[in-house]
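In the numbering used here, each residue's number is its place in the sequence shown (first place is 1) plus 5.
Take a look at the structure below.
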Amino acid sequence: GGNGGGSSMPGVPRNGSTKKVTLPPQQDSDRIYKFNNPNKYTFPSASSSLPKAYRNVIGYITYVQFMMDWGRDRSPDASNSVNADPGVGTKTPLSKLSPFVPYHSEMTAGGTFSFPPRSQPMHAVRRALIAAINVVKEQNKGLSPNVSDWVGVVTFDALDAYHQPEVLVPLTADFKSAMQACTTMQAVSDIGTSTATEAGIIKAREILKPISEGGQARSFTSKVMVVLSDGVPNAWQSPTSEINDYITQNPNADYYDPAYVWYNAALRQAAMFQGENGVLFPVGMGLGADYDFMDRMARFAKTAENGQSPRGSGNPAEYEQTLIDIFTEIIQSPGARLVE
Numbered sequence: 006g007g008n009g010g011g012s013s014m015p016g017v018p019r020n021g022s023t024k025k026v027t028l029p030p031q032q033d034s035d036r037i038y039k040f041n042n043p044n045k046y047t048f049p050s051a052s053s054s055l056p057k058a059y060r061n062v063i064g065y066i067t068y069v070q071f072m073m074d075w076g077r078d079r080s081p082d083a084s085n086s087v088n089a090d091p092g093v094g095t096k097t098p099l100s101k102l103s104p105f106v107p108y109h110s111e112m113t114a115g116g117t118f119s120f121p122p123r124s125q126p127m128h129a130v131r132r133a134l135i136a137a138i139n140v141v142k143e144q145n146k147g148l149s150p151n152v153s154d155w156v157g158v159v160t161f162d163a164l165d166a167y168h169q170p171e172v173l174v175p176l177t178a179d180f181k182s183a184m185q186a187c188t189t190m191q192a193v194s195d196i197g198t199s200t201a202t203e204a205g206i207i208k209a210r211e212i213l214k215p216i217s218e219g220g221q222a223r224s225f226t227s228k229v230m231v232v233l234s235d236g237v238p239n240a241w242q243s244p245t246s247e248i249n250d251y252i253t254q255n256p257n258a259d260y261y262d263p264a265y266v267w268y269n270a271a272l273r274q275a276a277m278f279q280g281e282n283g284v285l286f287p288v289g290m291g292l293g294a295d296y297d298f299m300d301r302m303a304r305f306a307k308t309a310e311n312g313q314s315p316r317g318s319g320n321p322a323e324y325e326q327t328l329i330d331i332f333t334e335i336i337q338s339p340g341a342r343l344v345e
């Protein structure tokens, strides 16, 4: 254009120049080295210099990172406060809430389904859940829904009005519909509190209660819950005093210091579910899974092996198969099976 041999405009490089430039001042503070990039708490060896090296760099890598940082719910062009309505503003093309999200079909263990873009680890989770539900389907072939296994899916993000834990799939023997519901699961942005693990377990415990007690389950069945998470809760639902009182009355060395109420809240729910004869399996996923927390939960649930919860993979190429193997082992374990 009109810049000819060069320009002194901020942010515009001279023709042929390889010199780095900086953004004009007063730009948006949500930079690539924020959004928990990287999460040093769960992945202490991660280098903070890596995302910082991509400041002011525009290209495929930074655009994908930008879209994943904003998640399915946040809108770069509108209010992005923690309690913002996900319906407000334009979502990135990765989000299922965007009219521009490109869907594609894939073969899975349970058949062909349409998916939004393959962001990891969520896409591995979607496919692994479908494979797990297919295992349940296969071992229940020929059985009436009245006596077969039922499956349900509860999702949990934060606790504000737009991110409440949701019963995505009520308990059902319609395995195909359960698989379909898993195809569009997406993570929210890593802004503010985004992992209400305790609330998710509470919601799952509610639907696993017998119908006579207000739940969705049958009274004669075993109750099995798999808590799939990156293992870093940062929001809780129960009153802090109630959580601390329970711990005082039921002391256990696996509880954290009382200051870490967001951890203890979820561990208390695991202990209460186990006290109801429920079987809970915590499963970590992703490179930054907090296995210390997941191991503690497994010990409360009495499903730990050698004191540990199942180990996922830190390699994205292995996410899916590792999760499938874990889910299959859980489904086929004697304590989890309803049918032979």
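All C-beta atoms in this analysis are idealised placements derived from N, C-alpha and C, irrespective of residue type, glycine included.
query, result
"May I ask you to list the residues that DSSP assigns as paired with valine 288?", "Leu233"
"Going by C-alpha to C-alpha distance, which of Gln125, Gly116, Met112 sits closest to tyrosine 324?", "Gln125"
"Assign proline 215 to one of three DSSP states: helix, strand, or coil.", "strand"
"For methionine 299, which residues in the same chain have their Cβ closer than 6 angstroms to its Cβ, ignoring the five residues on either side in sequence?", "Gly236, Pro287, Gly289, Ser314"
"Under DSSP, the alpha helix (DSSP H) around threonine 253 begins and ends at which residues?", "245-254"
"Return the first residue and the last residue of the alpha helix (DSSP H) that glycine 116 is part of.", "Here glycine 116 belongs to no alpha helix (DSSP H); instead the beta strand (DSSP E) covers 116-120."
"Answer yes or no: do methionine 302 and alanine 275 have a C-beta to C-beta separation smaller than 8 angstroms?", "yes"
"Less than 8 angstroms separating the beta-carbons of phenylalanine 105 and glutamate 111?", "no"
"State the DSSP-derived secondary structure class of leucine 176, mapped to helix, strand or coil.", "strand"
"Between which two residues does the alpha helix (DSSP H) harbouring histidine 128 extend?", "127-144"
"Could you spell out the range, first to last residue, of the beta strand (DSSP E) harbouring threonine 160?", "156-160"
"Does DSSP put methionine 112 in a helix, a strand or coil?", "strand"
"What separation, rounded to the nearest whole angstrom, lies between the Cα atoms of asparagine 269 and proline 56?", "32 angstroms"
"Put proline 15 into one of helix, strand or coil per three-state DSSP.", "Residue placement at proline 15 cannot be trusted, given a pLDDT of 46 that sits under 50; the coordinates are not used to answer."
"For the alpha helix (DSSP H) that contains proline 56, what are its first and last residues?", "54-57"
"How long is the line joining the alpha carbons of glycine 293 and threonine 327, rounded to whole angstroms?", "15 angstroms"
"Could you check where the alpha helix (DSSP H) with glycine 92 kicks off and where it finishes?", "Counting along the chain, glycine 92 falls outside any alpha helix (DSSP H), and DSSP gives it neither H nor E."
"Looking at C-beta atoms only, is the number of pairs between the region 216-233 and the region 246-265 that lie closer than 8 angstroms three or more?", "no"
"Provide the residue(s) that pair with alanine 222 in DSSP beta bridges, ordered along the chain.", "Pro215"
"Which partner residues does glutamine 70 have in the DSSP bridge list?", "Per DSSP, none; premise fails for glutamine 70."
"Name the one or two DSSP bridge partners that glutamate 310 has.", "Gln313"
"Just tell me which of Asp90, Leu99, Met277 has its CA closest to the CA of alanine 209.", "Met277"
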